[in-house]
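Novice: Input: one structure, supplied below.
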Amino acid sequence: MNHLHESFYQKEALLMIYSLYLLPESQAELEKRVRDLSSSLEAAQRRLQRAEARTVETPALLVRLQQKLALLEQSHSVAIREEQIKAKRAEESARKICARQEERVALLESKIAELSETVGQYDLRRRHDQQLIQQLKDSLNGRLMDKIAANNDYEDAAEAQQKSETDNEKLADSEYLQTLIDKIHILKKELIAENDKLGSPIDISSVFKVQGYENIHLKCREEYESLKLEYEMYKQQAKVREVGDKVDSDVGDLKSEIAVLVEKVETYKMMLEEERQDKLDTLKLYEEKMKNEQDYHKEITSDLKTRIQSLEKQVQTQRERYAALLDETDNYIRARNERSRRVSAEDAPFKDGMLNDVSAPPHMLHYAHELARKDLDISQLRKEKHIMEGQFRDCQRDATIEKERFKEVIRTLKEEIDRLRRIQSREGANLEYLKNVVMAYLMSTDYAGRRHMLNAIAAVLHFTTNEKNMVLTNL
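Under the UniProt record's numbering, the sequence shown has 164 at position 164, and the numbering climbs by one with no breaks.
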């Protein structure tokens with residue numbers, strides 16, 4: 001708008017000067033017209049100076065574009081820094097999660113090693129107990145054989161003794177034997193009474209010993225001790241058998257638990273590897289996107305800087321052109337003033353001066369040409385302004401779209417972090433593992449695979465033996 005006012009005032013002043021040469025007037029009117037033109041020229045010069053002072057300043061549109069460019073660059077740099085920080089945080093959290101998962105895997109492996117060592121100790125004890133049981137069985141069988149042989153000898157001796165007694169009974173009379181027994185009892189009582197009366201009693205136990213019956217109590221006691229030992233051996237053997245059965249059941253349970261733990265470890269390793277690979281892929285994708293955004297931002301920045309430089313060059317060119325035009329106009333006006341003074345001094349050569357100054361219109365044509373060029377430049381600048389405004393709107397739209405995309409990516413990363421946090425806890429890990437096992441069980445078609453998955457489910461949910469057998473029978 002300032003350029004339009006400036007061009008209007010310049011055209012008005014030059015037309016007034018041009019009309020001075022075209023209209024033949026008196027000297028007084030000419031001097032009056034010269035004064036008016038001088039005052040109007042001074043006013044036009046003042047306006048030109050004010051317009052030039054305004055043009056020296058940076059155009060408001062260019063300032064706004066520079067501010068918007070700076071804001072856009074700042075927002076892009078802030079967004080890039082935020083995304084870099086978020087990516088670093090996500091990478092750090094993924095690294096911590098991987099470290100915790102590795103620690104859990106190492107802990108599970110140590111537990112599996114302890115269980116394996118315990119199972120090995122149980123196996124050694126079981127083999128030792130089996131060897132001890134076999135030795136006890138062998139010794140028991142040997143003793144039983146010796147006992148059977150001794151019993152056979154004792155029965156033979158008893159039969160021989162019974163035969164001899166039968167022969168003696170046949171020889172002796174039953175009444176005579178009863179009489180002898182009664183006498184023996186009477187004598188035994190008298191002997192005991194007399195022995196008690198003595199000051200120093202003698203040992204009469206040897207008197208009451210009957211030949212052939214003195215070792216009966218000793219044999220009974222030995223037999224009782226042997227039977228007691230056999231009973232203790234049988235009792236110990238039963239205990240060993242119960243312990244062996246219990247050890248076998250414990251070993252079976254531990255083996256099933258070890259199998260489940262090994263499967264869990266393998267599953268956790270696979271999950272950990274998948275998570276690590278996903279995080280690496282995500283980080284690579286974000287790095288590529290960030291690099292593309294930085295390149296795009298650099299390209300836009302360089303393009304805008306180039307356009308700003310070209311606009312500044314055009315403004316500088318226009319300033320120089322207008323300054324040269326003003327200098328030329330000032331020189332022309334000074335020359336006309338000098339000629340006017342000479343005309344006022346010498347009235348005669350006025351017409352000759354007017355005829356000699358017919359060469360002034362080419363300057364007017366040059367000025368009109370410059371004005372046309374200025375209008376063309378203004379229209380070109382307006383077009384470029386509209387183009388830059390459109391590009392700025394496109395940049396704003398792209399920035400909005402990119403912001404929404406970043407929000408979506410951040411939401412996805414937050415969901416992934418929440419899922420990983422759920423997996424960190426033991427219950428969450430068990431639920432995740434149980435979910436995978438149930439899914440594998442439902443998708444499995446063969447009997448062996450379903451049975452294996454069912455064993456894993458039973459181990460996780462702590463099925464009892466009866467429940468496990470019921471499920472296996474109905475499978």
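Glycine included, each C-beta is placed from N, C-alpha and C at the ideal position.
Remember, predicted model here, so these are calculated numbers, not experimental data.
What is the DSSP secondary structure of Leu371, reduced to helix, strand or coil?
Specialist: Translated into positions along the sequence shown, residue 371 becomes position 371. Note: Leu371 maps to helix in three-state DSSP.
Novice: Taking the alpha helix (DSSP H) that Leu472 belongs to, which residues open and close that run?
Specialist: Taking the sequence shown and counting its residues from 1, one reaches residue 472 at position 472. Note, Leu472: alpha helix (DSSP H), Thr465 to Asn474.
Novice: Are the Cβ atoms of Leu261 and Ile457 separated by less than 9 angstroms?
Specialist: Against the sequence shown, residue 261 aligns to sequence position 261. Against the sequence shown, residue 457 aligns to sequence position 457. Contact: no.
Novice: Which of the three DSSP states, helix, strand or coil, is assigned to His462?
Specialist: By one-based count along the sequence shown, residue 462 stands at place 462. In this structure, His462 counts as coil in the three-state DSSP scheme.
Novice: For Met354 and Arg339, what's the separation of their Cα atoms in angstroms?
Specialist: Translated into the one-based positions of the sequence shown, residue 354 becomes position 354. Translated into the one-based positions of the sequence shown, residue 339 becomes position 339. Summary for Met354: the model assigns pLDDT 43, below 50, so the residue's position carries little reliability; its value from the coordinates is reported in the next sentence. Taking the straight line from one Cα to the other gives about 10 angstroms.
Novice: Work out the CA separation of Met145 and Glu232 for me, nearest whole Å.
Specialist: Position 232 of the sequence shown, counted from the start, is the residue given in the question as residue 232. Position 145 of the sequence shown, counted from the start, is the residue given in the question as residue 145. Approximately 18 angstroms between the Cα atoms of the pair.
Novice: Enumerate in chain order the residues of its own chain whose CB-to-CB distance from residue 477 is below 7 angstroms, with the five nearest sequence positions on each side excluded.
Specialist: It is not possible to answer for residue 477, since the shown part of the chain is limited to 1 through 475.
Novice: Throw me the rounded Cβ distance for the Glu83 and Phe406 pair, which I believe falls under 8 angstroms.
Specialist: Taking the sequence shown and counting its residues from 1, one reaches residue 83 at position 83. Taking the sequence shown and counting its residues from 1, one reaches residue 406 at position 406. Yes, they are in contact, since the Cβ atoms of Glu83 and Phe406 sit about 7 angstroms apart, within 8 angstroms.
Novice: According to DSSP, is Thr306 part of a helix, a strand, or is it coil?
Specialist: Counted from its first residue, the sequence shown places residue 306 at position 306. Looking at Thr306 - three-state DSSP - the assignment turns out to be helix.
Novice: Helix, strand or coil for Asp446, going by three-state DSSP, please let me know.
Specialist: Here residue 446 corresponds to residue number 446 of the sequence shown, with the count starting at 1. Three-state result, Asp446: coil.
Novice: By the 10 Å Cβ neighbour count, where 16 or more other Cβ atoms means buried, how is Met388 classified, buried or exposed?
Specialist: The sequence position of residue 388 within the sequence shown is 388, counting from 1. Burial call: buried.
Novice: So Gln237 and Leu136 are supposed to be a Cβ contact under 8 angstroms. How far apart are they, rounded?
Specialist: Along the sequence shown, read from residue 1 onward, the residue named residue 237 stands at position 237. Along the sequence shown, read from residue 1 onward, the residue named residue 136 stands at position 136. About 6 angstroms separates the two Cβ atoms, so the contact holds.
Novice: Could you compute how far the alpha carbon of Leu283 sits from the alpha carbon of Gly390?
Specialist: As a working mapping, residue 283 is identified with position 283 in the sequence shown. As a working mapping, residue 390 is identified with position 390 in the sequence shown. If you take the alpha carbons of Leu283 and Gly390, they lie about 34 angstroms apart.
Novice: Report yes if the C-beta distance between Ser256 and Asn466 is below 9 angstroms; otherwise report no.
Specialist: In the sequence shown, residue 256 corresponds to position 256, counting from 1. In the sequence shown, residue 466 corresponds to position 466, counting from 1. It is not a contact, given that the beta carbons lie outside the stated cut-off.
Novice: Going along the chain, which residues of its own chain have a beta-carbon closer than 8 angstroms to the beta-carbon of Thr301, five neighbours each way excluded?
Specialist: Numbered from its first residue, the sequence shown carries residue 301 at position 301. Around Thr301: Leu69 and Glu73.
Novice: Given 8 angstroms as the limit, is there contact between the region 397 to 412 and the region 310 to 330, that is, 3 or more CB pairs closer than that?
Specialist: Verdict: no, contact absent.
Novice: So, does the region 101 to 108 touch the region 266 to 284, judging by three or more C-beta pairs under 8 angstroms?
Specialist: Verdict: yes, contact present.
Novice: Could you check the C-alpha separation between Leu472 and Phe463 for me, to the nearest Å?
Specialist: Here the question's residue 472 lines up with position 472 in the sequence shown. Here the question's residue 463 lines up with position 463 in the sequence shown. Near 12 angstroms, if we compare the C-alpha coordinates of Phe463 and Leu472.
Novice: So within the region 89 to 153, which uninterrupted beta strand (DSSP E) runs reach at least 3 residues, ignoring any that extend past its ends?
Specialist: Entirely contained in the region 89 to 153, not one beta strand (DSSP E) run reaches 3 residues.
Novice: Can you check which of these residues, Ile308, Arg307 and Leu420, is closest to Lys279 by C-alpha distance?
Specialist: Start at 1 with the first residue of the sequence shown, and residue 279 comes out as number 279. Residue Leu420 is the option with its Cα nearest to Lys279.
Novice: Taking 9 angstroms as the threshold (C-beta atoms), are Arg127 and Val251 in contact?
Specialist: Stepping through the sequence shown from its first residue, residue 251 is reached at position 251. Stepping through the sequence shown from its first residue, residue 127 is reached at position 127. Not in contact: Val251 and Arg127 (Cβ atoms no closer than 9 angstroms).
Novice: If distances are taken between C-alpha atoms only, which option among Ile97, Thr329, Glu190 and Lys403 comes closest to Glu416?
Specialist: As a working note, residue 416 is residue 416 in the sequence shown. Checked all of Ile97, Thr329, Glu190 and Lys403; the closest Cα to Glu416 is Ile97.
Novice: Measuring CB to CB, does Leu311 end up less than 9 angstroms from Leu376?
Specialist: Along the sequence shown, read from residue 1 onward, the residue named residue 311 stands at position 311. Along the sequence shown, read from residue 1 onward, the residue named residue 376 stands at position 376. The answer is no: Cβ separation not under 9 angstroms.
Novice: May I have the straight-line CA-CA distance separating Glu117 from Leu254, to the nearest angstrom?
Specialist: The residue given as residue 117 occupies position 117 in the sequence shown. The residue given as residue 254 occupies position 254 in the sequence shown. Answer to the nearest angstrom: the Cα atoms are 11 angstroms apart.
Novice: Please report the distance separating the alpha-carbon of Lys32 from that of Ser39.
Specialist: Indexing the sequence shown from 1 puts residue 32 at position 32. Indexing the sequence shown from 1 puts residue 39 at position 39. When rounded, the distance between both Cα atoms is 11 angstroms.
Novice: Looking at Gln67 and Arg308, is the spacing between their C-beta atoms short of 9 angstroms?
Specialist: In the sequence shown, the residue the question calls residue 308 occupies position 308. In the sequence shown, the residue the question calls residue 67 occupies position 67. As written in the sequence, residue 308 is Ile, which differs from the Arg given in the question. Taking 9 angstroms as the Cβ cut-off, Ile308 and Gln67 do not qualify as a contacting pair.
Novice: Less than 9 angstroms separating the beta-carbons of Gln294 and Ile85?
Specialist: Sequence index remark: in the sequence shown, residue 294 carries index 294 (1-based). Sequence index remark: in the sequence shown, residue 85 carries index 85 (1-based). No, the Cβ-Cβ distance between Gln294 and Ile85 is not below 9 angstroms.
Novice: Would Asp123 and Val240 be called neighbours here (beta carbons separated by less than 9 angstroms)?
Specialist: Sequence index remark: in the sequence shown, residue 123 carries index 123 (1-based). Sequence index remark: in the sequence shown, residue 240 carries index 240 (1-based). Result no, Cβ atoms of Asp123 and Val240 do not sit closer than 9 angstroms.
Novice: Report the residue from Tyr224, Leu434, Gln396 and Asn337 whose alpha carbon sits nearest the alpha carbon of Asp36.
Specialist: On the sequence shown, position 36 is the one that residue 36 refers to. For the residues Tyr224, Leu434, Gln396 and Asn337, the minimum Cα distance to Asp36 belongs to Asn337.
Novice: Work out the CA separation of Asp394 and His297 for me, nearest whole Å.
Specialist: Position 297 of the sequence shown, counted from the start, is the residue given in the question as residue 297. Position 394 of the sequence shown, counted from the start, is the residue given in the question as residue 394. Answer to the nearest angstrom: the Cα atoms are 13 angstroms apart.
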